[in-house]
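J.: If you want this note's numbering, it's the 1-based position in the sequence shown plus 288.
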Amino acid sequence: MLADVVQYLVCPVCGADLELADRELHCSAGHTFDIARQGYANLLPGNARPGTADTPEMVRAREEFLGADHFTELADRLACDVADTGPSFVLDAGAGTGYYLGRILDRAPDATGLALDISKHAARRAARAHRRAGSVVADLWRPLPVRDGAADVVVNVFAPRNAAEFHRVLRDDGFLFTVTPSPRHLGPLVEPLGLLSIDERKTERTDAALAGYFKLDVRRQIDLRADLTHEEVTTLVGMGPSAHHVPADRLRERLERMPDPLGVPLSFVLSGYRRLE
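(1) Can you tell me the Cα-Cα spacing of A356 and R391, whole angstroms?
(2) Buried or exposed, going by whether 16 or more other CB atoms sit within 10 Å of the CB of G386?
(3) Enumerate in chain order the residues of its own chain whose CB-to-CB distance from R435 is below 6 Å, with the five nearest sequence positions on each side excluded.
(4) Using 8 Å as the cut-off, can you tell me whether the stretch 472-487 makes contact with the stretch 536-555, which would need three or more C-beta pairs spanning the two stretches below that distance?
(5) Consult DSSP for G390 and reduce its assignment to one of helix, strand or coil.
(6) State buried or exposed for C315, treating a residue as buried only when at least 16 other CB atoms are found within 10 Å of its CB.
(7) Taking the DSSP output, what are the residues bridged to Q326?
(8) What does a CB cutoff of less than 7 Å around L484 pick up in its chain, not counting 5 residues either side in sequence?
(9) Answer yes or no: the CB of L362 versus the heavy atoms of the ligand HEM, is any distance below 7 Å?
(10) Between D427 and N330, what straight-line distance do the alpha-carbon atoms span, to the nearest angstrom?
(11) Please classify T400: does DSSP put it in a helix, a strand, or coil?
(12) Determine the closest residue to E345 out of A536, F377, E312, L554, with distance taken between C-alpha atoms.
(13) Mind checking who K503 pairs with in its DSSP beta bridge?
(14) So what's A367 in DSSP terms, helix, strand or just coil?
(15) Please report the straight-line C-alpha distance between D310 and R489, rounded to a whole angstrom.
(16) Based on the DSSP output, what are the partners of Q509 in its beta bridges?
(17) Quick one: Cα of A452 to Cα of V442, how far?
(18) Check the DSSP bridge columns for V445 and list the partner residues they point to.
(19) Drop a sphere of 10 angstroms on the beta-carbon of K503, count the other beta-carbons inside from all chains shown, and report buried for 16 or more, exposed for fewer.
(20) Would you call the stretch 458-465 and the stretch 508-527 in contact, with 3 or more CB pairs under 8 Å?
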């Protein structure tokens, strides 16, 4: 709930502390932000543009696929690593439906969490991901509506990484955990279905983008395999960036030429970084 995390929020317009009253957030300068009936707050500045925010269809696909437990092992390993740091406040930057944040809070019973995502459709679902989580619409490429040094941990799963802002909102000895797909992710599906491929140097580029703000502490390669029906593959594709590039009818046509079910590699890189002074 937002009431649990409002102490960590700041106004996206002027940077003043936010307070909660009468179903709205407000600051001392008079800026106010309504809380939607679904429980989330939109803290995008008035001149912000949503850009490539996830569509309702993508959010539904993500909720369906994750709800079928295909990524459970990934979520549990991330949750264990985060919980081992003993956090009080976890910021999930690019939280989507709040699936990973919910798992983390289950493992960290003394922590509260904040889900940030630019999609209001995702924020609606994240608002009910866990009773100790609040949900806010925000742009990761802009200054985050979070106080300096507020977070013990920032989590970033398949989302843009704003190294300077992550560094600012983390406490001095805070941690950043990222999850990125490895080049092996969905390997046999990429060419025949026309999916976006994973950069062979993605992990290296992630480290370089965070250099100067964070130092790598731990890295895990997580390789899973799932037997997916054509319908499940369609849902998987529909929840990610390839949904913008492969029309649904073309995807169905290409899938018809392939076995059903399909053995699909799910491959990820889980990295933990320490904040540099």
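Yeah, the Cβ is synthetic: ideal placement off N, Cα and C, and Gly gets one too.
T.: Taking the definition as stated:
(1) Within the sequence shown, numbered from 1, the residue matching residue 356 stands at position 68. Within the sequence shown, numbered from 1, the residue matching residue 391 stands at position 103. Roughly 14 Å separates the two Cα atoms.
(2) As a first step, residue 386 is located in the sequence shown; it is residue number 98 there, counting from the start. That one is buried.
(3) To locate residue 435, count along the sequence shown from 1; it is residue 147. Closer than 6 Å at Cβ, skipping near neighbours: Y296, V298.
(4) yes
(5) For this step, residue 390 is matched to residue 102 along the sequence shown. Helix.
(6) Position 27 of the sequence shown, counted from the start, is the residue given in the question as residue 315. C315 should be labelled buried.
(7) As a first step, residue 326 must be located in the sequence shown, where it is residue number 38. Answer is none; Q326 lacks a bridge partner.
(8) Numbered from 1 along the sequence shown, position 196 holds the residue referred to as residue 484. Once the five neighbours on either side are set aside, the close Cβ partners of L484 are P529, S530, H533.
(9) In terms of ligand content, the structure shown is empty, and the ligand HEM therefore cannot be addressed.
(10) Walking along the sequence shown from the start, residue 427 turns up at place 139. Walking along the sequence shown from the start, residue 330 turns up at place 42. Roughly 10 Å between the two C-alpha positions.
(11) The count along the sequence shown starts at 1 and reaches residue 400 at position 112. If DSSP states are grouped into helix, strand and coil, T400 belongs with the strands.
(12) As a first step, residue 345 is located in the sequence shown; it is residue number 57 there, counting from the start. E345 has its Cα closest to that of A536, out of A536, F377, E312, L554.
(13) What you label residue 503 is simply residue 215 of the sequence shown in a count that begins at 1. BP columns for K503 point to R562.
(14) Translated into positions along the sequence shown, residue 367 becomes position 79. Looking at A367 - three-state DSSP - the assignment turns out to be helix.
(15) Your numbering for residue 310 matches position 22 in the sequence shown. Your numbering for residue 489 matches position 201 in the sequence shown. Approximately 49 Å between the Cα atoms of the pair.
(16) Residue mapping note: residue 509 aligns to position 221 of the sequence shown, counting from 1. DSSP, once it has assigned bridges, lists V557 as partnering Q509.
(17) For the purposes of this step, residue 452 is identified with residue 164 of the sequence shown, where counting begins at 1. For the purposes of this step, residue 442 is identified with residue 154 of the sequence shown, where counting begins at 1. Their Cα atoms are separated by approximately 12 Å.
(18) The residue you call residue 445 lines up with position 157 of the sequence shown. Note: V445 sits in a beta bridge opposite V467.
(19) As a first step, residue 503 is located in the sequence shown; it is residue number 215 there, counting from the start. When all chains shown are included, K503 counts as exposed.
(20) no
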